[in-house]
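In this text, residue positions in the sequence shown follow our numbering: the first is -14, and each later residue adds one. Just so it is clear, CB atoms sit at the ideal spot from N, CA and C, and this is done for glycine as well. Structure record follows, encoded as structure tokens.
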Amino acid sequence: MENITAAITAVGAYLPDFVLTNAILETMVDTNDEWITTRTGIKERRILKDPNKGTSYMAIKAAENLLEKRGIKAEEIDLIIVATATPDMPVAATAAYVASEIGATNAFAFDLQAACSSFLYGMSSAASYIESGRYKKVLLIGADKMSSILDYTDRATCIIFGDGAGAVLFEPNNEGLGFVDEYLRSDGIGREFLKIEAGGSLLPASEETVKNKQHYVFQDGRNVFKHAVSNMADVAEKIMMRNELSDEDVNWLVPHQANKRIIDATAQRMGVAEDKVMINIHKYGNTTSATLPLLLNDYEKQLHKGDNLVFAAFGGGFTWGSIYIKWAYNS
Ligand code: UT7
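Quick look at the structure:
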């Protein structure tokens, strides 16, 4: 049987208009531009202000942007995966709604949640469906309305995150381009350090949980930082060694945008030069499931067929990993 590889063949994105700058945050909590910039690298983020719009709104826009760029009809899509930590509702897959709204009448759809690693794990899943030979067009969307789960009086979290959505299409490739290798990890020890405590089966929503603000993101930043730095670098290095990639061979590092210092540490361990590291954290902050496709969207014009891309992410759970793909098209 012919060896099918799974290649990314199109990218799309959507970012809400409202720009939440560090200057605005200075008026909301006890913080300052200098602290945020030096500690995180973030200057501004986008916020979906409309209280009547959820994550699906941005996911639909990103999907429509991709379909238009690729020049295909929604009916051609076989599967839609929405990677998200902020689904429209806890039950009723956001992906099913997105599929119906864009007119993907021949697709089945589901959500995938692995905090900031959702999109990375989604890439693994999407690629596997293509490699199996059973599906020809898998749409993977990373979308999060982080502003819906943030306490804007908590300076430890509200300065970090932003809203946004990005999408990629996976299709079969017979030139040996696309998905090459993955190294994905998780460790439940991390759930104490980055979580939303209430609203799940362990601690259902109640007046008490709302009063205690337990429906907002809690993060022990220092602890998460420590694990993120060592683990993201470890997996990226492992992928390079396993595939005999030198720093020269890596054309692009595509790192989750949680903190510029974590990104720099990963690049340094890999020996990858600064100009090969995709960065947009200064513009969008940490958009959780959307960081990786938003990077691809921003850098799409600079990518060339055959380029070696190493993705790396770390997130709540803990979840983390690295993926190596060969870029499949010139735009
Ligand atoms: O994407 C999912 C995974 N998440 C991550 O990878 C995030 C990992 N963590 C981080 O990026 C960093 O830990 C943060 C950016 C969240 C925080 O940076 P930090 O250098 O670890 O700061 P810290 O939490 O150790 O706090 C240092 C000081 C503290 O004051 P004291 O105790 O030294 O007096 C904080 O109270 O900075 C203070 N602080 C702030 N000051 C001004 C905390 N947040 C702020 C703030 N503005 N927004």
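Using 8 Å as the threshold, is the C-beta distance between residue i and residue j below it?
i	j	result
Gly26	Phe146	no
Ala92	Ile65	yes
Met74	Gly149	no
Gly175	Gly302	yes
Thr16	Ile144	yes
Ile126	Val76	no
Val214	Phe178	no
Lys130	Gly39	yes
Ala80	Ala99	no
Val202	Phe155	no
Ala(-9)	Gly173	no
Ser132	Gly300	no
Val153	Leu281	yes
Ala111	Asp96	no
Are there any heavy atoms of the ligand UT7 lying less than 7 Å away from the beta-carbon of residue i, as far as the coordinates show?
i	result
Ala237	Per the sequence presented here, residue 237 reads as Trp, with Ala not at that position. The answer is no for Trp237.
His241	yes
Ser(-4)	Rather than Ser, the amino acid found at residue -4 in this sequence is Val. Not under cutoff, so the answer is no.
Gln204	yes
Ala141	yes
Leu33	no
Val209	yes
Thr251	no
Arg254	no
Trp20	yes
Ile145	yes
Phe296	no
Leu179	yes
Ile266	no
Figure out for me which residue from the options has the closest Cα to the Cα of residue i.
i	options	result
Ala48	Gly151, Glu60, Leu162	Gly151
Met263	Thr142, Thr273, Gly302, Lys245	Lys245
Asn236	Gly256, Phe299, Ala68	Gly256
Glu61	Ser41, Ile126, Ala89	Ala89
Ile57	Phe164, Ser133, Gly(-3), Glu167	Gly(-3)
Gln253	Gly107, Met217, Leu281, Thr273	Met217
Ile224	Asp18, Asn7, Asp166	Asp166
Lys28	Ala243, Leu5, Cys101	Leu5
Asn159	Pro189, Ser191, Gly185, Gly118	Gly118
Thr23	Ile247, Tyr309, Asp234	Ile247
Asn293	Ser85, Pro72, Ala221	Ala221
Leu230	Ala(-5), His289, Leu188, Lys311	Lys311
Tyr356	Ala297, Lys290, Leu279	Since the first and last residues shown for the chain are -14 and 316, residue 356 lies out of range.
Ile115	Asn(-12), Ile308, Ala243, Leu281	Asn(-12)
Ser109	Ile181, Ala70, Leu169, Asp232	Leu169
Phe104	Thr276, Lys268, Ser191	Thr276
Arg55	Glu86, Ile308, Thr(-6)	Thr(-6)
With DSSP collapsed to three states, give me the class of residue i.
i	result
Arg30	strand
Ser171	strand
Phe303	coil
Thr(-6)	strand
Ala313	coil
Pro240	strand
Tyr(-1)	strand
Asn158	strand
Lys121	coil
Leu281	helix
Gly270	coil
Ala77	coil
Phe210	helix
Phe203	strand
Gly107	helix
Ala92	coil
Asn293	strand
Asp232	coil
Val195	helix
Ala58	It should be pointed out that residue 58 corresponds to Lys in this sequence rather than to Ala. DSSP places Lys58 in coil when its eight states are reduced to three.
Val317	Only positions -14 to 316 of the chain appear in the structure, and residue 317 is not among them; the question remains open.
Lys180	strand
Val83	helix
Lys38	coil
From the DSSP secondary-structure annotation, give me the bridge partner or partners of residue i.
i	result
Ile66	Phe95, Leu125
Ile308	Glu167, Phe296
Lys46	In the DSSP output, where bridge partners are listed per residue, Lys46 has none listed.
Asp148	Lys130
Cys101	Ala99
Val153	Val(-4), Leu125
Val262	Leu238
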